[in-house]
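What follows is a single structure, written as structure tokens, with notes after it.
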Amino acid sequence: MENLEEKIVQADTLEALEKVRVELFGKKGVLSAQFAKMKDIPGPEKKAFAEGLNSQKSQLQSIFDERLTILKNAEMERQLKAEAIDVSLYTGSGEKGALHPVAQTMDKIIDYFVALNFSVESGTLVEDDFHNFEALNLPKHHPARDMQDTFYFADGGLLRTHTSPAQIRTMLKEKPPIRMIAPGAVFRRDYDLTHTPMFHQVEGLVVLEKGEVSFANLKSILTDFLHHMFGDVEIRFRPSFFPFTEPSAEVDISCIFCKSEGCRVCSHTGWLEVLGSGVVDPNVFKAVGYENVSGYAFGLGVERFAMLMHEIPDLRSLFEGDIRLLEQFR
Ligand code: DAH
Numbered sequence: 014m015e016n017l018e019e020k021i022v023q024a025d026t027l028e029a030l031e032k033v034r035v036e037l038f039g040k041k042g043v044l045s046a047q048f049a050k051m052k053d054i055p056g057p058e059k060k061a062f063a064e065g066l067n068s069q070k071s072q073l074q075s076i077f078d079e080r081l082t083i084l085k086n087a088e089m090e091r092q093l094k095a096e097a098i099d100v101s102l103y104t105g106s107g108e109k110g111a112l113h114p115v116a117q118t119m120d121k122i123i124d125y126f127v128a129l130n131f132s133v134e135s136g137t138l139v140e141d142d143f144h145n146f147e148a149l150n151l152p153k154h155h156p157a158r159d160m161q162d163t164f165y166f167a168d169g170g171l172l173r174t175h176t177s178p179a180q181i182r183t184m185l186k187e188k189p190p191i192r193m194i195a196p197g198a199v200f201r202r203d204y205d206l207t208h209t210p211m212f213h214q215v216e217g218l219v220v221l222e223k224g225e226v227s228f229a230n231l232k233s234i235l236t237d238f239l240h241h242m243f244g245d246v247e248i249r250f251r252p253s254f255f256p257f258t259e260p261s262a263e264v265d266i267s268c269i270f271c272k273s274e275g276c277r278v279c280s281h282t283g284w285l286e287v288l289g290s291g292v293v294d295p296n297v298f299k300a301v302g303y304e305n306v307s308g309y310a311f312g313l314g315v316e317r318f319a320m321l322m323h324e325i326p327d328l329r330s331l332f333e334g335d336i337r338l339l340e341q342f343r
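If you read the sequence shown in our numbering, its first letter stands for residue 14, the second for the next number, and so on.
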């Protein structure tokens, strides 16, 4: 008996234990052989003999079961260790991802202004009437509000229609001098070849003491910026209107598709409009309680920049996630 128990306990693999099982409990095993002796045991002693044997058997069985559990657990442990996958392991193969062209364009714009010591503000996507319109000199019922088809919430809140409200938020929390850009998503109820309900803008604002900044500064910084983005293009400032700037200008670059010859993209004008800008309207400064300051501002659409820089014809393709387009921007 001692000897049999030892055999079980000393089996150190599942295979070894299986051998022991056959040896002890198998048809031709030790226990079977013991039970076979029953027939030679005289009648009166049979019962005691059988009882002894059965209790031996169940004792061995429970030692065996215990050992089996231990070895199974050890085996499981071993298997888990062997099959563990190190997901951080460098494999040296596989495809590399890349930033989306809109993100790449955004980064290029941000880097340019950060190098000029502009701060980067984010504003907020969910806005209110004051920041998105009122403080930007767009009072209620102003016809220019129609230019921006707005998503409203039931409580009167809205999704910002442009990044300009970030100007207001920054001026309300800081004092001049201010040099900031505000990149981010904006929302309008619009969907066709050249409009998506969500797109990205970058807003720019510079506010210094009165007389320290002029339209000439605006013109020079934007000219430099557009050369940085589009290379060797001609640049034209064209008088325009925005409620938050006076005077205002839209800025065009010479058409990079036809070299100003006239094509479909530039509507045969030879020019492409790329941003809006102007000298900050005094009413905007009044709304944020600024006095004796002057400043300029500008705003641009990032998708439009990306499309022009990479000659992508359909705005919507920037939002489809088609790998064949994205692969070209690695
Ligand atoms: N907020 C204008 C838009 O969404 C863009 C813009 C134009 C911003 C002129 C400006 C600006 O700061 O001076 O269309």
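Even for Gly, the Cβ is constructed at its ideal location relative to N, Cα and C.
Item	Value
Quick one: residues in its chain with C-beta nearer than 8 angstroms to the C-beta of R202, no 5 flanking neighbours on either side, listed in chain order?	D162, T163, F164 and P210
If distances are taken between C-alpha atoms only, which option among E90, M193, L339 and S106 comes closest to L129?	M193
Flag H208 as yes when its Cβ comes closer than 8 angstroms to any non-hydrogen atom of the ligand DAH, and as no otherwise.	no
How should L44 be labelled, buried or exposed, when 16 other C-beta atoms within 10 angstroms of its C-beta is the threshold for buried?	buried
Three or more beta-carbon pairs under 8 angstroms between the region 110-120 and the region 329-341, yes or no?	yes
Beta carbon of F200: closer than 8 angstroms to some heavy atom of the ligand DAH?	no
Got a sec: does the ligand DAH put a non-hydrogen atom nearer than 8 angstroms to the Cβ of A310?	yes
Report, in whole angstroms, the separation of the C-beta atoms of A319 and G291, which I expect to be a contact under 8 angstroms.	Not really, about 24 angstroms apart at Cβ, beyond 8 angstroms.
Going by beta-carbon coordinates alone, are Y103 and L231 separated by less than 9 angstroms?	no
Any Cβ of chain D within less than 9 angstroms of the Cβ of E304?	Note that chain D does not occur in the displayed structure, where there is just one protein chain.
I'd like to confirm the pairing. Which residues does DSSP put opposite Y309 in its beta bridges?	V219 and V292
What are the boundary residues of the alpha helix (DSSP H) that M193 is part of?	Premise fails: M193 lies in the beta strand (DSSP E), I191 to F200, not in any alpha helix (DSSP H).
The ligand DAH heavy atoms versus the CB of E316: any closer than 8 angstroms?	no
Measure how close the beta-carbons of T176 and V139 come, nearest whole angstrom, since I'm counting them as under 8 angstroms.	14 angstroms between Cβ atoms; not a contact.
Let me know if K20 comes out buried or exposed under the rule of 16 or more other beta-carbons within 10 Å of its beta-carbon.	buried
Would K153 and D142 be called neighbours here (beta carbons separated by less than 9 angstroms)?	yes
Alpha carbon to alpha carbon, how far is T258 from D99?	57 angstroms
Taking only heavy atoms of the ligand DAH into account, decide whether any of them is closer than 8 angstroms to the Cβ of E286.	no
Is V35 closer than 9 angstroms to R80 when the C-beta atoms are compared?	no
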